[in-house]
Amino acid sequence: MKKLLNIGKKSKKAFFNQIESKKKNKILKDYYLLIERNKKLILNENKKDINNAYKEKLKDNLIKRLILDNKKILDITNSIKKIIKLKDPTNIILEKWKRSNGLKISKVSIPIGVIGVIYESRPNVTSDVASLCFKSGNPVILKGGSEAFYSNQILSKLFRKSLKNNNVDENFVQFIDTKKRKVVDFLLTKMNNFIDVIIPRGGKNLVKKVQELSSIPTISHLEGVCHSYVDKDASPMIAKKVIYNAKLRNTAICGATETILLHEKIIKKFGNLILKNLEENGCKIIGDSKVIKLYNGKIQKASIKDWSKEYLSSVVSVKSVKNLDEAINHVNKYGTMHTDCIITQNKKSAKKFLHGVNSSIAMHNTSTQFADGGEFGFGGEVGISTNTLPPRGPVGLNQLISYKYLVTSKGKIRK
């Protein structure tokens, strides 16, 4: 694993050669131009991954995530363009003050350090993560999934080419070009002298492994058990529209609603309308005894285990609650501090829910599928964090920084 240690050393060296904002943006611009000029090459490399995926008999949803086409490449370049437009988050005075003891103190934003990102399937993660880490002054070590090996490799090579063309240390972006799984174990347990934070972005098994093994601090979420609570004062049309989108727009993302909470007073009134709309669009409904009694469609009996399930498919758990407090308690007991929503026209109830749930993202009359860095205006995201400590929610440019205190005086000594 000498090669990995060498990668770590090169990343640390790059970190101490920070670059000014204009040059960062020039490198990012050259990067998206290289992607545009090498579109054919990228698609050919992607075809190798797709052919291998079919040979390995990967699931259809994994292959779908893997495929690049003209539209997806346009999405990649548009994401980089958005990141260019964002303000460099480093070297900003966050606060400053004077003390009676004669000290002048400033709190200034700085990069975190070397970031290791372990991810699966989606090749766009390579360009998004590399661009966000680079703009925030953090060298990045990329370990993509073997299923997207060739796609990830070409996208990282083009970034390194842009760095080299601009006479900047190309080791700001490094790609681990091996498919060996034991590399991940080494990365997590033996690289703490070189990597400052690890970000896993992928399925439950990957994230769980990283959280259990890593000797390096992590920014991650294990599961997205997201809730949408329909209050007694909800608008039926808003509830129907938002719930449908929150569950079925894309069932495979971590921001998809997995449990619907219905105030018992509205189940008969318009709960049927909401659930029928889901059922008619291919969603399997699993409900508690009260919902079963009042719903006039096809439904299965829920067990306690269902309240903790992340289905990532067209299945949803539905529970009746007596009041707002019960809804908040349910979210805090069974949720994963990801994204939870209240649908109501009552501003007081909305405020109580938004402040009462432990979620990293709390929403009002909004689809949980907006839990995304791009949708937040971050230009993209490195991942979503459900950590109690910051950063929380979508981790974009402004979340990839730390800070230091700068203290100055006229020769002051402490008595």
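Count along the sequence shown from 1, add 239, and you get the number used in the numbering used here.
Don't be surprised by glycine CBs; every beta carbon is placed ideally from N, CA and C.
The alpha-carbon separation between I344 and K374 amounts to approximately 26 angstroms. Between the alpha carbons of G632 and G650 lies a distance of about 43 angstroms.
In this structure, the straight-line span from the alpha carbon of K278 to that of N309 is close to 8 angstroms. The three-state reading of DSSP puts E462 in coil, since its state is none of H, G, I, E or B.
Under the criterion of beta carbons closer than 8 angstroms, H460 and I623 qualify as touching, at roughly 5 angstroms. Beta-carbon to beta-carbon, N585 and V481 are separated by about 16 angstroms, too far to satisfy the 8 angstroms threshold. Boundaries for F433: no beta strand (DSSP E) harbours it, and the DSSP string shows neither H nor E there. Inclusion of S556 and W546 in the CB contact set at 9 angstroms is warranted, their separation being smaller than that value.
When only Cα atoms are considered, T457 and D327 end up about 23 angstroms apart. The DSSP-derived three-state label of L381 is strand. Judged by DSSP secondary structure, Y550 falls outside any alpha helix (DSSP H); it is assigned neither H nor E. Rounded to whole angstroms, the separation of the alpha carbons of K303 and I581 is 32 angstroms.
Rounded to whole angstroms, the Cβ separation of Q413 and L381 is 7 angstroms, and the two are in contact under 8 angstroms. Here D288 is buried. Its C-beta has 16 or more other C-beta atoms within 10 Å. When DSSP states are grouped into helix, strand and coil, Q413 belongs to the strand group.
The beta carbon of F615 sits closer than 6 angstroms to the beta carbons of P633 from its chain, once the five residues preceding and following it are set aside; these are given in chain order.
Residue burial annotation: N520 is exposed, with fewer than 16 other C-beta atoms found within 10 angstroms of its C-beta. Going by DSSP, H594 is part of the alpha helix (DSSP H) stretching over 586 to 595. Within the same chain, P378, D408, N410, F411 come within 6 angstroms of A253 by CB-CB distance, once the 5 residues on both sides are set aside. Contact between the region 312 to 323 and the region 267 to 278 is present: three or more C-beta pairs spanning the two stretches fall below 8 angstroms. Between the alpha carbons of N317 and A387 lies a gap of roughly 21 angstroms. Taking I505 as the centre and dropping the five residues before and after it, the same chain places the C-beta of V469, K471, A473 closer than 7 angstroms to its C-beta, in chain order.
Between M476 and I455, the C-beta spacing is not below 9 angstroms. The beta-bridge partner set that DSSP reports for I357 consists of K382, P439. In this structure L452 touches T428 by the C-beta definition: roughly 6 angstroms separates them, less than 8 angstroms. Within its own chain, the residues whose Cβ lies closer than 6 angstroms to the Cβ of V621, once the five positions on either side in sequence are excluded, are V368, L371, I438, V634, listed in chain order. In summary, Y389 is buried, with 16 or more beta-carbon neighbours lying within 10 Å of its beta-carbon over all protein chains present.
About 5 angstroms separates the Cβ atoms of L533 and K507, confirming a contact at the 8 angstroms cut-off.
In this chain, L628 is not harboured by any beta strand (DSSP E), its DSSP state being neither H nor E. By the neighbour-count definition (other C-beta atoms within 10 Å, threshold 16), T498 is a buried residue. A distance below 6 angstroms between beta-carbons, with the five flanking residues on each side excluded, links G510 to the following residues of its chain, in chain order: L501. Between the C-alpha atoms of I351 and T575 there is a straight-line separation of about 26 angstroms.
D564 counts as exposed, since fewer than 16 other C-beta atoms from the protein chains shown sit within 10 angstroms of its C-beta.
With a minimum length of 3 residues, the unbroken runs of beta strand (DSSP E) contained wholly in the region 471 to 503 fall at 496 to 502. About 6 angstroms separates the Cβ atoms of E549 and G463, confirming a contact at the 8 angstroms cut-off. In the structure shown, K248 falls within a helical segment according to DSSP collapsed to helix, strand and coil.
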